[in-house]
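Undergrad: Have a look at the structure that comes next, please.
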Amino acid sequence: MTMVRRLAGDADPGLPLRLGSCSNGEYPAPVTGELATEAMRRARHDADDAGRRLGWSRRRFLVSSAGMASGLAALQACSDERARSRDTEPGGTFAVPTTATTDVEEATTVVHGADDDTITVVDVQTHFLESGEFGVGFPQAQCGEDEPIDCLGVGYWRDLVLGGSDTAVAVISAVPVVGDADPLSIDAMERGRRAGHELCGDERVLIQGHAVPDVGPLGAALESMAQIADEHDLCAWKVYTHSPGGWYLDDHDPDAPQIGAAFINAARDTGVPVVAVHKGLAGGNPYASPVDIGPAAEANPDVAFLVYHSGYEPAITEGPYEPQGAGVDRLVRSVSQSGIGQRGNVYAELGSTWRTLMGSPDEAAHVLGKLLVAFGPDRILWGTDSIWYGSPQDQIAAFRTFEISEAFQERFGYPALTKDVKRRILGENAIELFGIDAPTTPCTPSETAGIRAGLATPNRVHGPQSRRDVLATFWREHPWAAGDVPWLPR
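Quick note, the sequence shown lines up with residues 0 to 489 if you use numbering that gives the first Met the number 0.
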């Protein structure tokens with residue numbers, strides 16, 4: 000198992016709050032907005048001055064909690080200035096005192112939480128790649144290892160997710176590749192589980208089964224689910240309704256394969272009645288729309304549906320809910336029309352969605368506000384889609400400090416994003432859903448900063464950073480889709 004390379008010397012590790020363009024390989028990386036671009040410029044400028052005041056090198060500052068707090072403070076300052084220039088109030092804010100940029104103890108509290116305010120972070124969507132050519136098209140795969148795939152492998156995943164962040168429990172989730180080419184097979188997931196246990200000394204890693212009812216004979220696919228469940232301890236079934244084929248969970252389209260009900264029944268029969276389905280982040284593919292979530296959940300009240308990405312599409316600018324809106328509005332509309340309300344059997348998940356939105360605070364406030372209104376604080380799950388974005392610590396720190404402004408609460412009816420709500424989202428909801436006896440601290444609580452400081456590229460992102468990279472990566476790694484994906488041009 001390849002571990003993350005360590006770096007000697009004082010090379011620049013990059014900004015700890017990474018707001019630049021990046022994708023998980025399934026959608027074109029959005030262009031970095033003006034707000035995020037200016038925030039990153041200021042954070043780079045401020046790093047040298049703050050480091051000197053602390054007597055630190057630039058590298059030491061940028062891998063520290065103070066460096067993270069500085070990035071968040073820069074983002075908040077830019078957001079405030081833009082709002083003033085438009086004679087408005089910001090919708091999303093980051094509660095970061097400016098003193099945290101040079102007060103190490105205060106910065107640690109801001110980024111990791113106070114000792115008496117422990118939040119157990121459960122990341123319900125993480126990945127790594129173990130074999131084959133999948134992922135080697137990612138620019139970040141060239142990390143210096145002899146084999147590019149090792150840059151996205153289990154050792155890097157372990158060190159970046161469990162060792163280099165506040166994540167206490169991680170769920171390994173399947174990727175949309177089938178057959179022998181699958182770089183994250185169930186056996187690879189088991190190796191990931193063992194790697195996590197070796198690092199942490201306890202049970203901190205959960206795995207999902209990858210269901211592919213649209214590949215090959217349906218009967219054989221369902222029998223495979225039963226076999227996998229017999230041989231492995233699963234927490235959920237991961238499914239893609241848009242890749243490699245196209246179908247719906249509720250079978251509402253007579254022209255699509257009628258396999259949704261059969262799949263859900265099979266999941267129930269395996270004793271794992273939890274379905275994690277990718278919805279959104281698909282460039283407009285209709286089968287990735289969450290239109291089927293509400294009806295499927297209504298018809299199967301004993302099955303939990305985890306909606307990965309919450310139907311978010313980066314090409315859509317998120318605002319207040321619109322009855323005919325796109326993006327996240329589709330998920331809200333689907334569950335509302337089916338009578339699935341708060342504390343129902345549908346969970347909205349934030350993987351890649353939060354990472355993309357955290358550099359656009361107003362959009363982030365709208366998305367979180369809409370989800371809180373529709374699902375309540377008990378049905379939103381924390382996920383990061385890491386390892387594609389490197390260590391998830393910047394996502395965690397940004398979420399810990401994020402607030403929905405009083406102006407947006409009053410204007411749009413959004414609830415406050417309180418510490419108790421964040422505690423639910425970051426971990427407690429997943430703990431209850433999966434019925435796990437979760438640890439209360441990260442596996443290396445006192446060593447996390449030291450681990451990050453020693454990484455060769457602690458602030459590197461591990462996913463494609465341009466539309467060209469995404470397209471090249473997608474077609475290389477999804478050869479079965481040739482000619483059948485009109486929504487994703489060559």
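For glycine and all other residues, C-beta sits at the position ideal for the given N, C-alpha and C. Note that the structure is a prediction, hence the values are computed from the model and not measured.
Return the CA-CA distance between residue 427 and residue 161, expressed in angstroms with no decimal places.
TA: Looking up residue 427 in the sequence shown gives position 428. Looking up residue 161 in the sequence shown gives position 162. Residue 427 and residue 161: Cα-Cα distance of roughly 18 angstroms.
Undergrad: For the stretch 199-242, which segments carrying the beta strand (DSSP E) assignment without a break, of at least 3 residues, lie completely within its bounds, in sequence order?
TA: Whole beta strand (DSSP E) segments, 3+ residues: 204-209, 235-239.
Undergrad: Along the chain, where does the alpha helix (DSSP H) containing residue 435 start, and where does it finish?
TA: Sequence index remark: in the sequence shown, residue 435 carries index 436 (1-based). It is not in any alpha helix (DSSP H) - residue 435 carries neither H nor E in the DSSP assignment.
Undergrad: Taking only the alpha-carbon atoms, compute the straight-line gap between residue 16 and residue 82 and give it to the nearest angstrom.
TA: Your numbering for residue 16 matches position 17 in the sequence shown. Your numbering for residue 82 matches position 83 in the sequence shown. Cα to Cα, residue 16 sits roughly 21 angstroms from residue 82.
Undergrad: Give the straight-line distance between the Cα atoms of residue 76 and residue 38, rounded to the nearest whole angstrom.
TA: By 1-based counting over the sequence shown, the position of residue 76 is 77. By 1-based counting over the sequence shown, the position of residue 38 is 39. Cα to Cα, the separation comes out at about 8 angstroms.
Undergrad: Which whole-angstrom value describes the C-beta separation of residue 359 and residue 32, a residue pair presumed to lie in contact below a C-beta threshold of 8 angstroms?
TA: The residue labelled residue 359 in the question sits at position 360 within the sequence shown. The residue labelled residue 32 in the question sits at position 33 within the sequence shown. Their Cβ separation, rounded to whole angstroms, is 6 angstroms, which keeps residue 359 and residue 32 in contact under 8 angstroms.
Undergrad: At the level of alpha carbons, what is the spacing between residue 120 and residue 188?
TA: Counting from 1 along the sequence shown, the entry for residue 120 is found at position 121. Counting from 1 along the sequence shown, the entry for residue 188 is found at position 189. If you take the alpha carbons of residue 120 and residue 188, they lie about 20 angstroms apart.
Undergrad: I need the DSSP call for residue 124, collapsed to helix, strand or coil.
TA: Taking the first residue of the sequence shown as position 1, residue 124 is located at position 125. Three-state DSSP puts residue 124 in a strand.
Undergrad: Can we say the stretch 334-352 touches the stretch 292-307, given the rule of at least three CB pairs closer than 8 angstroms?
TA: Contact holds: three or more Cβ-Cβ distances are below 8 angstroms.
Undergrad: Going by C-alpha distance, which of 80, 114, 94, 69 is nearest residue 101?
TA: Stepping through the sequence shown from its first residue, residue 101 is reached at position 102. Checked all of 80, 114, 94, 69; the closest Cα to residue 101 is 69.
Undergrad: Where residue 124 and residue 385 are concerned, what is the direct C-alpha to C-alpha distance, given to the nearest angstrom?
TA: Against the sequence shown, residue 124 aligns to sequence position 125. Against the sequence shown, residue 385 aligns to sequence position 386. Between residue 124 and residue 385, the C-alpha separation is close to 7 angstroms.
Undergrad: With DSSP collapsed to three states, give me the class of residue 402.
TA: Numbered from its first residue, the sequence shown carries residue 402 at position 403. Strand, per DSSP.
Undergrad: Do residue 328 and residue 369 have their C-beta atoms closer together than 9 angstroms?
TA: Taking the sequence shown and counting its residues from 1, the one referred to as residue 328 is at position 329. Taking the sequence shown and counting its residues from 1, the one referred to as residue 369 is at position 370. Cβ distance < 9 angstroms, so residue 328 and residue 369 count as in contact.
Undergrad: Based on DSSP bridge pairs, tell me the residues matched to residue 305.
TA: Here residue 305 refers to the residue found at position 306 of the sequence shown. Residue 305 pairs with 275, 346.
Undergrad: Pull up the DSSP beta-bridge partners for residue 92, would you.
TA: The residue you call residue 92 lines up with position 93 of the sequence shown. Beta-bridge pairing links residue 92 to 402.
Undergrad: If you follow the alpha helix (DSSP H) that residue 292 is in, where does it begin and where does it stop?
TA: Position 293 of the sequence shown holds residue 292. 292-298 is the extent of the alpha helix (DSSP H) around residue 292.
Undergrad: Using only CA atoms, which one of 425, 294, 342, 317 lies nearest to residue 350?
TA: To locate residue 350, count along the sequence shown from 1; it is residue 351. Residue 350 has its Cα closest to that of 425, out of 425, 294, 342, 317.
Undergrad: By the 10 Å Cβ neighbour count, where 16 or more other Cβ atoms means buried, how is residue 87 classified, buried or exposed?
TA: Numbered from its first residue, the sequence shown carries residue 87 at position 88. Residue 87 should be labelled exposed.
Undergrad: Which of the three DSSP states, helix, strand or coil, is assigned to residue 169?
TA: As a working note, residue 169 is residue 170 in the sequence shown. Residue state, collapsed to three classes: strand.
Undergrad: I'd like to check one pair, residue 251 with residue 291: are the Cβ atoms closer than 9 angstroms?
TA: Against the sequence shown, residue 291 aligns to sequence position 292. Against the sequence shown, residue 251 aligns to sequence position 252. Result yes, Cβ atoms of residue 291 and residue 251 sit closer than 9 angstroms.
Undergrad: Mind checking whether residue 94 and residue 401 have CB atoms under 9 angstroms apart?
TA: Your numbering for residue 94 matches position 95 in the sequence shown. Your numbering for residue 401 matches position 402 in the sequence shown. Yes; because the gap between Cβ atoms is below 9 angstroms, this pair is in contact.
Undergrad: Looking at the unbroken alpha helix (DSSP H) that takes in residue 39, where does it start and where does it end?
TA: Sequence index remark: in the sequence shown, residue 39 carries index 40 (1-based). Run containing residue 39: 33-53, per the alpha helix (DSSP H) assignment.
Undergrad: Would you mind working out which of 395, 285, 322 sits nearest residue 352, comparing C-alpha positions?
TA: Numbered from 1 along the sequence shown, position 353 holds the residue referred to as residue 352. The option with the nearest alpha carbon to residue 352 is 395.
Undergrad: Per DSSP, residue 385 is paired with what?
TA: Mapped onto the sequence shown, residue 385 falls at position 386. Bridge partners of residue 385: 125.
Undergrad: Once the 5 residues before and after residue 98 are set aside, which same chain residues still bring their CB inside 8 angstroms of it?
TA: Within the sequence shown, residue 98 is the residue found at index 99, counting from 1. Same-chain partners within the cutoff: 105.
Undergrad: For residue 363 and residue 91, which I take to be in contact (beta-carbon distance under 8 angstroms), what is that distance rounded to the nearest angstrom?
TA: Position 364 of the sequence shown, counting from 1, holds the residue named residue 363. Position 92 of the sequence shown, counting from 1, holds the residue named residue 91. Confirmed, Cβ separation roughly 5 angstroms.
Undergrad: To the nearest angstrom, how far is it from the Cα of residue 216 to the Cα of residue 264?
TA: On the sequence shown, residue 216 is found 217 positions in, with the first residue counted as 1. On the sequence shown, residue 264 is found 265 positions in, with the first residue counted as 1. Cα-Cα distance, rounded: 16 angstroms.
Undergrad: For the ligand FAD, is there a heavy atom less than 8 angstroms away from the beta-carbon of residue 316?
TA: By its list of ligands, the structure shown contains no ligand whatsoever, and the ligand FAD lies outside what it can speak to.
Undergrad: Starting from residue 101 and walking both ways along the alpha helix (DSSP H), at which residues does that stretch end?
TA: Here residue 101 refers to the residue found at position 102 of the sequence shown. It is not in any alpha helix (DSSP H) - residue 101 carries neither H nor E in the DSSP assignment.
Undergrad: I'd like the list of long-range same chain contacts for residue 246, defined as Cβ closer than 7 angstroms, with 5 residues on each side in sequence excluded.
TA: Working through the sequence shown from its first residue, we reach residue 246 at position 247. So the list reads 213, 240, 255, 256, 258, 259, 286, once near-sequence residues are dropped.
Undergrad: Over what stretch of residues does the alpha helix (DSSP H) that includes residue 118 continue unbroken?
TA: The residue you call residue 118 lines up with position 119 of the sequence shown. Where residue 118 is concerned, there is no enclosing alpha helix (DSSP H), given that its DSSP letter is neither H nor E.
Undergrad: Considering only residues of the same chain and omitting the five flanking positions on each side of residue 334, which have a CB-CB separation below 8 angstroms?
TA: The residue labelled residue 334 in the question sits at position 335 within the sequence shown. Within the same chain, residue 334 has close Cβ partners 292, 293, 296, 340, 343, 345, 373, 374.
Undergrad: Quick one: measure Cβ to Cβ for residue 237 and residue 173, integer angstroms, because I've assumed they're closer than 8 angstroms.
TA: Position 238 of the sequence shown, counted from the start, is the residue given in the question as residue 237. Position 174 of the sequence shown, counted from the start, is the residue given in the question as residue 173. 4 angstroms between Cβ atoms; contact.
Undergrad: Give the range of the alpha helix (DSSP H) segment to which residue 156 is assigned.
TA: As a working note, residue 156 is residue 157 in the sequence shown. Start and end: 153-156.
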